[in-house]
Each structure stands twice: as structure tokens, then as C-alpha cells.
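1 is the number of the first residue of the sequence shown in our numbering; add one for each residue after it.
Notes follow once the structure below has been shown.
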Amino acid sequence: MATRSAHKLGELRDLLRLERGELVSLDDLGIDGEPDETGATFETNARIKASFAAAATGLPALADDSGLEVDALGGGPGVRTRRYAGEQATDTDNNAKLLLELIGLPPERRGARYVCALALALPAASGPRGAPRIVVRRGTVRGRIADGLRGSGGFGYDPLFEPEGEPVGGRTFGLWTAAEKGRISHRARAARRMARVLADLGF
């Protein structure tokens, strides 16, 4: 798994439940360095990360790139989701900036979606010019941005994200259980689609 995030690694282990393989992190394998995530889309950045990990390890590599797209911000923060309030921004910083950007907007103008792109790089199945073959699967979940933080579950923007089906002022992902979120989240939907690919490959 092209990540150093224990949280992301654990979540994808739970979601994918590989029968004949194990997800390990770059740190588990002692891999140094980071790829330059220069893509303009989640899919491109996931491909960049998966290719980096496959080249560094010689193993099939799975990468996740995900984030939040807010309608009123023209799809922002998008690929800058994690760095929305600055390169060293915390979740608290990012949430505060998002609330400020949307201040005064009514619920119908606070539409948003979480997006996840999972890319699987297969070094043994090289494409043109020896590049690994890459398979991408995507998942999304729509909702709206609440007018204030509610709940402490999840991470990132979860305490601000009211998923579709919740009434205005209803529960954010920060108030959903992990099991509830795991049924409809963007990462869960992408993982279910990728799980079929992995099963076909013998994992």
C-alpha cells in the first residue's frame, strides 16, 4: 500500500479483506522517499503513488487518493483537500477554513461529495515502455457541508459532512459509527470495486 498512514492502511485492510495477500505500508518495507503528487485529479495522483510504490518494491502496489469536492467552491479543495489551509494544516485548520469560506450559504448551496480513487499498479504486467499496468476504481458519496462541527468520529472533514439521506442539521459522518460509514463511504465504494479486481488476480 503506497501510504505511510496507519489509519488509511488499517481502513483498507478492513474494507478489502484479502484472502491470499496482505497489505503492508511503505514504512513496513523500509521504503524512503515520496512521489511528487502533481496531478490535477484524484485518479492521476493515485496512479503516481501506485507507480512509485511498485517501482520501489517490485510488488503490486495499491494507492489511494481521496478528498472533498464542494460545489460552491468549484470542486475545491479537491486534490488539495489535505493541504487546504496550508502545507502543514491540521484537520482543525482545514475545517475552520472551509466553514469560513461557506459562511452565510444556505443548505441548498452547501452540496459536496467525498471522492476516492484507488489505483493498483501491477509491475509484472507491464504496459507500454515497461510501465506497470494500472487499474483504477473510483467511489463517491454525496452530501452537504454542515454549518458547524458535529461529532468526533472519523477524521478529516467528517464532522462537517452530512451524507445524502440525512436531513439538514442531521448527523455528520463524525456521528456515524465506523460500521455505518463503511457501508456507504467513498473509500468503501471504491474498495468494493477494487476487491473484485484483486480477487480475480488471486489476492
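Even glycine gets a Cβ: it sits at the ideal position worked out from N, Cα and C.
From which residue to which residue does the beta strand (DSSP E) around residue i run?
i: V136; result: 132-145
i: L62; result: 61-70
i: E162; result: 161-163
Could you give the residue range of the alpha helix (DSSP H) that holds residue i?
i: L198; result: 186-200
i: S25; result: That residue, S25, is in no alpha helix (DSSP H); it is neither H nor E in DSSP.
i: A46; result: 42-57
Taking DSSP's pairing of strands, which residues face residue i in a bridge?
i: E37; result: DSSP output for E37 lists no bridge partner at all.
i: A112; result: V70, G143
Return helix, strand or coil for residue i, following the three-state DSSP convention.
i: G154; result: coil
i: L15; result: helix
i: L118; result: strand
i: F203; result: coil
i: P107; result: helix
i: E180; result: helix
i: E30; result: Rather than Glu, the amino acid found at residue 30 in this sequence is Gly. It is coil, neither helix nor strand.
i: A124; result: strand
i: G78; result: helix
i: A2; result: coil
i: A96; result: helix
i: L175; result: helix
i: L9; result: helix
i: E166; result: coil
i: E101; result: helix
Alpha carbons only, please: which of the options is nearest the one belonging to residue i?
i: E43; options: G33, G58, L62, D28; result: L62
i: T38; options: I184, A117, L12, K49; result: K49
i: L26; options: V135, M1, G86; result: M1
i: L149; options: V197, L99, R192; result: L99
i: T41; options: W176, G202, V115, R13; result: V115
i: I145; options: R133, F155, I134, L160; result: L160
i: D28; options: R4, E34, R47, K8; result: R4
i: L175; options: P77, G75, G153, A56; result: G153
i: L120; options: D14, G33, A191; result: A191
i: G74; options: L102, D64, A179; result: L102
i: V135; options: E87, D36, D64; result: D64
Mind the definition here: the segment 64-71 touches the segment 100-116 only if three or more C-beta pairs lie below 8 Å; say whether that holds.
yes
Would you say the segment 94-101 touches the segment 163-170, given that touching needs at least three Cβ pairs under 8 Å?
no
Flag this pair as touching only if the segment 134-154 and the segment 172-187 have three or more C-beta atom pairs under 8 Å; answer yes or no.
yes
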